[in-house]
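Chemist: Got a structure for you, written out below as structure tokens; questions coming shortly.
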Amino acid sequence: MKNHIQGLAPDDVGVPSPFAGVLRGSVSRRRRLRIASALVVGVVAVIFLALLSLAVGSKDLGLNEVWTGLLAADGSRESIIIWQLRMPRTALAIIVGAALAVAGVLMQALTRNPLAEPGLLGVNAGAAFSVVLALSVFGATTIDEYLWFAFLGAGAAACFVYVISARRSLASDHARLVLAGAALTASLGACTAIITMFDADTFNSYRFWVIGSVADRGIDTALYILPFVAVGLIAAFVSGPSLNALALGDEQAKALGVRLSLVRVIAMSTITLLCGAATAAVGPIAFVGLVVPHLLRLIVGVDQRTLLVTSAVAGPVLVLAADIVGRIIQRPGELEVGIVTAFVGAPALIVILLRGRTR
Amino acid sequence: MSRIGERFLPHGYARLTLPAGRAILLHRRSAIVAVVLVIVTFGVAALTISTGAYELSPAGALRVFFGEGSTLDRFIVIDQRLPRATAALLVGASLGASGAIFQSVSRNPLGSPDIIGFTTGAATGGLVVILLVGTSTAATIMVGTILGGFATAAVVLAIAFRRGLTGDRLVLAGIAVAAMLAASNDYLISRASIEDAEAAKAWQYGSLNAISWPPLVPLAIVLVVVLPAALLVTRQLRVLELGDDAAAGVGLNLTRARTFTLAIGVCLAAIAVATAGPIGFLALAAPQLARSLARSPGVTVLASTVMGSLILVVADLVAQRLLSPFQIPVGLVTSALGGAYLVWMLTFAPSPQRRRPRLRIPRPKIGS
Chain P
4 MKNHIQGLAP
14 DDVGVPSPFA
24 GVLRGSVSRR
34 RRLRIASALV
44 VGVVAVIFLA
54 LLSLAVGSKD
64 LGLNEVWTGL
74 LAADGSRESI
84 IIWQLRMPRT
94 ALAIIVGAAL
104 AVAGVLMQAL
114 TRNPLAEPGL
124 LGVNAGAAFS
134 VVLALSVFGA
144 TTIDEYLWFA
154 FLGAGAAACF
164 VYVISARRSL
174 ASDHARLVLA
184 GAALTASLGA
194 CTAIITMFDA
204 DTFNSYRFWV
214 IGSVADRGID
224 TALYILPFVA
234 VGLIAAFVSG
244 PSLNALALGD
254 EQAKALGVRL
264 SLVRVIAMST
274 ITLLCGAATA
284 AVGPIAFVGL
294 VVPHLLRLIV
304 GVDQRTLLVT
314 SAVAGPVLVL
324 AADIVGRIIQ
334 RPGELEVGIV
344 TAFVGAPALI
354 VILLRGRTR
Chain G
5 MSRIGERFLP
15 HGYARLTLPA
25 GRAILLHRRS
35 AIVAVVLVIV
45 TFGVAALTIS
55 TGAYELSPAG
65 ALRVFFGEGS
75 TLDRFIVIDQ
85 RLPRATAALL
95 VGASLGASGA
105 IFQSVSRNPL
115 GSPDIIGFTT
125 GAATGGLVVI
135 LLVGTSTAAT
145 IMVGTILGGF
155 ATAAVVLAIA
165 FRRGLTGDRL
175 VLAGIAVAAM
185 LAASNDYLIS
195 RASIEDAEAA
205 KAWQYGSLNA
215 ISWPPLVPLA
225 IVLVVVLPAA
235 LLVTRQLRVL
245 ELGDDAAAGV
255 GLNLTRARTF
265 TLAIGVCLAA
275 IAVATAGPIG
285 FLALAAPQLA
295 RSLARSPGVT
305 VLASTVMGSL
315 ILVVADLVAQ
325 RLLSPFQIPV
335 GLVTSALGGA
345 YLVWMLTFAP
355 SPQRRRPRLR
365 IPRPKIGS
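This is the structure in structure tokens:
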């Protein structure tokens with residue numbers, strides 16, 4: 004809490020009220036420069052990694068091959084590899100990375116818990132359970148059929164997590180909420196496993212989907228979830244100032260003129276939209292929403308507005324990098340992006356833990 | 005030792021004189037709860053044995069034990085249902101006792117084999133043996149399971165241990181390591197052939213579906229030796245729960261007591277996981293449920309043991325009947341219910357900071 008308040012106090016001298024800068028945009032020039040440079044670096048990194056993602060794989064392409072393949076969508080070998088195989092997964096990694104990272108920021112602001120993360124708290128598990136239900140019971144096969152189930156599951160789980168996070172025993176204790184989320188994940192995972200137990204076909208597709216992978220999804224998957232994620236991101240950016248006020252506590256936020264229930268409903272629906280779409284497209288990926296905001300807080304501070312915008316850029320960097328690393332370290336095979344993020348994110352959680360910043 | 009409870013008898017306790025001039029203190033309500041739970045457990049076990057997909061009347065099932073009934077009846081009851089019910093009883097008992105010991109030593113209701121990663125690590129160890137090593141006999145799976153469990157628990161404890169174990173660190177380290185292992189488990193399963201994957205997934209969650217008499221022998225032997233020891237260390241556990249300083253102050257050798265009790269707890273968890281696979285959340289839930297039933301000041305090993313048996317027997321009945329004739333692995337039933345119970349416990353039970361043990365001043369017994 005201490006950090007939040009320090010970060011929210013405006014840097015420029017001469018603003019009379021300590022909270023004057025919270026709702027309107029008063030950010031010092033040095034701060035603005037820093038945020039702008041972080042954004043530029045992030046965007047450059049995304050572009051660079053996207054090109055790398057088009058070039059690296061079981062068949063490596065040179066940079067000029069990527070260029071010609073990109074420009075000339077003729078039937079040549081390079082252009083097929085790029086447009087059919089690598090472009091969809093690159094696009095998907097960018098979309099999903101932005102969605103998951105922003106959802107993480109929202110969740111942390113909403114629960115006022117720096118360890119809150121949709122993957123750890125069971126939101127993705129809720130979406131996964133719902134999707135498996137759709138696959139096996141309702142016979143859904145394509146994303147446009149099961150996406151709505153993913154929204155339903157993610158929404159239910161997010162509501163549940165939010166309701167329990169407001170309980171006094173969990174609101175004050177960050178680790179307890181994470182544990183409750185892990186227990187919810189375990190419980191939902193067991194229910195999912197029961198369904199896949201006696202449905203061999205569902206199990207066979209489920210075991211590849213549950214890891215979290217952007218490979219072999221097709222460009223239509225990326226295009227299908229794009230509008231949902233875009234709406235979610237815009238809603239998140241718009242609610243940034245209110246989330247800043249929310250960090251001060253319910254009463255302060257109310258005094259600043261924030262309509263608490265409206266903000267909460269918007270944030271919850273946004274989390275649902277982002278996590279549901281991401282999980283339906285690539286499977287449950289954890290830790291993106293934990294690692295990205297934590298790193299960004301060290302760089303750009305704790306203002307939710309900048310945090311939201313920068314994580315929409317930094318999330319794709321992480322997921323793209325994880326996907327590329329997964330393609331490199333196990334040649335000619337691949338390691339799924341969900342495994343790489345778990346092995347990056349879990350040690351990050353341990354580092355956060357060892358530095359004792361959970362309280 | 006023999007003078008225990010002669011002059012001061014703590015509230016709610018009874019003095020139990022043992023043959024060799026020794027005596028132990030018994031929490032009265034815990035003992036009563038344990039007896040009631042034993043009766044209920046055997047009732048449910050009897051129900052499990054006498055019902056099932058194969059039509060057999062309870063009387064018919066009973067006749068089998070007196071050497072009557074057809075060969076098929078005998079096969080179903082003696083070789084199919086009885087070992088399964090026995091396994092549920094024994095595995096549940098050892099997990100319950102193990103959970104009680106872990107929670108007591110770590111002075112934390114969350115300090116159970118599930119949270120410190122023993123169960124997930126055991127699953128990874130077993131999966132590595134089944135899917136990578138290729139020679140998956142019962143013995144090699146057992147070895148892989150136990151090694152995986154120990155290695156994971158050691159890693160989690162090493163991360164979390166800094167000037168004693170605090171609940172937060174233990175929990176978060178456990179979650180982080182378990183997340184990595186779960187990703188590895190999913191990876192291993194996705195890389196296996198579909199036949200291997202089906203075999204692994206049946207085992208991964210902890211199952212009693214294919215249990216027979218031979219694997220129960222080592223379990224029974226270990227239980228006969230270790231379970232009485234687990235019940236006898238209750239006294240040291242009570243003292244350990246006072247905190248390190250107080251426990252050392254009343255003359256307990258801390259290192260020895262902790263090592264000994266933890267060795268018992270680990271042994272029980274390992275043999276249970278090796279027999280039935282990783283059965284989730286049982287070791288966490290059983291001691292807490294037993295404690296709230298018995299209203300005892302600390303975790304009670306006896307009541308937890310019986311509670312563990314009862315939960316697993318009931319869960320096994322559910323696993324057999326819920327989607328009959330399809331058999332759910334019992335570990336999934338305990339995980340689904342245990343996870344929900346943990347959420348409930350964390351959300352609605354008062355937090356440990358607020359629940360201070362009420363100090364009960366022992367009343368001097370007048371006239372003895």
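Protein sequence lines, in the order shown, are assigned to chains P and G.
Quick note on numbering: the first sequence equals residues 4 to 362 in our numbering.
Quick note on numbering: the second sequence equals residues 5 to 372 in our numbering.
No residue lacks a Cβ here, since even glycine has one placed at the ideal position from N, Cα and C.
The model shown is predicted, which means the values in this text are computed figures rather than measured ones.
Please state the DSSP three-state secondary structure of P:A143.
Modeler: The residue given as residue 143 of chain P occupies position 140 in the first sequence. It is coil, neither helix nor strand.
Chemist: Going straight from the alpha carbon of P:V25 to that of P:L265, what length do you get?
Modeler: By one-based count along the first sequence, residue 25 of chain P stands at place 22. By one-based count along the first sequence, residue 265 of chain P stands at place 262. Since pLDDT at P:V25 reaches only 48, below the 50 mark, its modelled position is unreliable, and the value read off the structure follows with that caveat. If I take the Cα positions, the gap works out to 18 angstroms.
Chemist: Tell me the residue span of the beta strand (DSSP E) that contains G:H31.
Modeler: Taking the first residue of the second sequence as position 1, residue 31 of chain G is located at position 27. First-last of the beta strand (DSSP E) with G:H31: 27-31.
Chemist: Going by C-alpha distance, which of P:I97, P:V181, P:R92 is nearest P:L277?
Modeler: What you label residue 277 of chain P is simply residue 274 of the first sequence in a count that begins at 1. Ranking the options by Cα distance to P:L277, first place goes to P:I97.
Chemist: With three or more beta-carbon pairs closer than 8 angstroms as the criterion, would you say the segment 125-143 of chain P touches the segment 156-173 of chain P?
Modeler: Output reads yes: the segment 156-173 of chain P touches the segment 125-143 of chain P.
Chemist: Answer with yes or no whether the minimum CB distance from G:A350 to chain P is below 8 angstroms.
Modeler: As a working mapping, residue 350 of chain G is identified with position 346 in the second sequence. First, the amino acid is wrong: residue 350 of chain G is Leu here, not Ala. It does: the Cβ of G:L350 has a partner Cβ on chain P nearer than 8 angstroms.
Chemist: Does any residue of chain G bring its CB to less than 8 angstroms from the CB of P:G341?
Modeler: Taking the first residue of the first sequence as 1, we reach residue 341 of chain P at position 338. Yes, its Cβ sits closer than 8 angstroms to a Cβ of chain G.
Chemist: Give the secondary structure of P:R262 by DSSP, where H, G and I count as helix, E and B as strand, and everything else as coil.
Modeler: Here residue 262 of chain P refers to the residue found at position 259 of the first sequence. It is coil, neither helix nor strand.
Chemist: Out of P:G142, P:R32, P:V99, P:R34, which has the shortest C-alpha to C-alpha gap to P:L229?
Modeler: On the first sequence, position 226 is the one that residue 229 of chain P refers to. When only C-alpha atoms are compared, the closest one is P:V99.
Chemist: Using a beta-carbon distance below 8 angstroms, is P:I353 in contact with chain G?
Modeler: Position 350 of the first sequence, counting from 1, holds the residue named residue 353 of chain P. Yes, its Cβ sits closer than 8 angstroms to a Cβ of chain G.
Chemist: Looking at P:V291: is its Cβ nearer than 8 angstroms to the Cβ of P:G318?
Modeler: Numbered from 1 along the first sequence, position 288 holds the residue referred to as residue 291 of chain P. Numbered from 1 along the first sequence, position 315 holds the residue referred to as residue 318 of chain P. Yes.
Chemist: Checking 8 angstroms against the spacing of the C-beta atoms, do P:V303 and P:R37 come in under that value?
Modeler: Along the first sequence, read from residue 1 onward, the residue named residue 303 of chain P stands at position 300. Along the first sequence, read from residue 1 onward, the residue named residue 37 of chain P stands at position 34. Against a cut-off of 8 angstroms, the Cβ pair of P:R37 and P:V303 comes out as a contact.
Chemist: Restricting to Cα atoms, I'd like to know which of G:M184, G:A63, G:F79, G:E72 is closest to G:T124.
Modeler: Counting from one through the second sequence, the residue named residue 124 of chain G turns up at place 120. Of the listed residues, the one whose Cα sits closest to G:T124 is G:M184.
Chemist: Kindly indicate which residue of G:R239, G:T259, G:G56, G:V337 has the alpha-carbon position closest to the one of G:S328.
Modeler: Translated into positions along the second sequence, residue 328 of chain G becomes position 324. Looking at the Cα atoms, G:G56 is the closest of the given residues.
Chemist: Would you say G:V310 faces chain P, with C-beta separation under 8 angstroms as the test?
Modeler: Taking the second sequence and counting its residues from 1, one reaches residue 310 of chain G at position 306. With 8 angstroms as the cut-off, G:V310 does not count as an interface residue toward chain P.
Chemist: Anything in the segment 123-152 of chain P with a Cβ closer than 8 angstroms to a Cβ of chain G? List those residues in chain order, please.
Modeler: Correct list: L123.
Chemist: Which residues in the same chain have their Cβ closer than 8 angstroms to the Cβ of P:L42, if we skip the five residues on either side of it in sequence?
Modeler: Looking up residue 42 of chain P in the first sequence gives position 39. The answer, listed in chain order, is V312, T313, V316.
Chemist: Any idea which residues DSSP pairs G:R19 with across the strands?
Modeler: Here residue 19 of chain G refers to the residue found at position 15 of the second sequence. DSSP, once it has assigned bridges, lists G:L29 as partnering G:R19.
Chemist: Taking only the alpha-carbon atoms, compute the straight-line gap between P:L236 and P:A102 and give it to the nearest angstrom.
Modeler: As a first step, residue 236 of chain P is located in the first sequence; it is residue number 233 there, counting from the start. As a first step, residue 102 of chain P is located in the first sequence; it is residue number 99 there, counting from the start. C-alpha separation (whole angstroms): 7 angstroms.
Chemist: Using 8 angstroms for Cβ pairs, my map puts P:S190 next to G:A344. What's the rounded Cβ distance?
Modeler: By 1-based counting over the first sequence, the position of residue 190 of chain P is 187. By 1-based counting over the second sequence, the position of residue 344 of chain G is 340. Sure, about 5 angstroms apart at Cβ, within 8 angstroms.
Chemist: Could you confirm whether any beta carbon from chain P is found closer than 8 angstroms to the beta carbon of G:P361?
Modeler: Start at 1 with the first residue of the second sequence, and residue 361 of chain G comes out as number 357. For G:P361, the pLDDT reaches just 49, beneath the cut-off of 50, and the residue's location in the model is therefore unreliable, although a value from the coordinates is still provided. Cβ-Cβ to chain P under 8 angstroms: no for G:P361.
Chemist: To be precise: take each residue of the segment 188-205 of chain P, compare its Cβ to all Cβ atoms of chain G, and keep it if any distance is under 9 angstroms. Which residues remain?
Modeler: Listed by position along the chain: T188, A189, S190, L191, G192, A193, C194, A196, I197, T199, M200, F201, A203.
Chemist: Measure the C-alpha to C-alpha separation of P:V340 and P:A48 and round it to an integer number of angstroms.
Modeler: Here residue 340 of chain P corresponds to residue number 337 of the first sequence, with the count starting at 1. Here residue 48 of chain P corresponds to residue number 45 of the first sequence, with the count starting at 1. Spanning the two alpha carbons is a distance of roughly 18 angstroms.
Chemist: When you compare the CB positions of P:V69 and P:L88, do they come within less than 8 angstroms of one another, or not?
Modeler: Your numbering for residue 69 of chain P matches position 66 in the first sequence. Your numbering for residue 88 of chain P matches position 85 in the first sequence. No, they are not a contact pair.
Chemist: Give me the Cα-Cα distance between P:P121 and G:A91, rounded to the nearest whole angstrom.
Modeler: Here residue 121 of chain P refers to the residue found at position 118 of the first sequence. Here residue 91 of chain G refers to the residue found at position 87 of the second sequence. If I take the Cα positions, the gap works out to 38 angstroms.
Chemist: Taking only the alpha-carbon atoms, compute the straight-line gap between P:V343 and P:G329 and give it to the nearest angstrom.
Modeler: In the first sequence, residue 343 of chain P corresponds to position 340, counting from 1. In the first sequence, residue 329 of chain P corresponds to position 326, counting from 1. Going from the Cα of P:V343 to the Cα of P:G329 covers about 6 angstroms.
Chemist: Under a CB-based cut-off of 8 angstroms, is P:L293 close to chain G?
Modeler: Here residue 293 of chain P refers to the residue found at position 290 when the first sequence is read from its first residue. Closer than 8 angstroms: no.
Chemist: Identify the contact partners of P:A183 in chain G, using a Cβ-Cβ distance below 8 angstroms as the criterion.
Modeler: Here residue 183 of chain P corresponds to residue number 180 of the first sequence, with the count starting at 1. Per Cβ cutoff of 8 angstroms: L346, V347, L350, T351.
Chemist: Give the DSSP-derived three-state secondary structure of P:F22 in the structure shown.
Modeler: For the purposes of this step, residue 22 of chain P is taken as residue 19 along the first sequence, with counting starting at 1. Per-residue confidence for P:F22 stands at a pLDDT of 48, beneath the threshold of 50, marking its modelled position as unreliable; the derived number appears in the next sentence. It is coil, neither helix nor strand.
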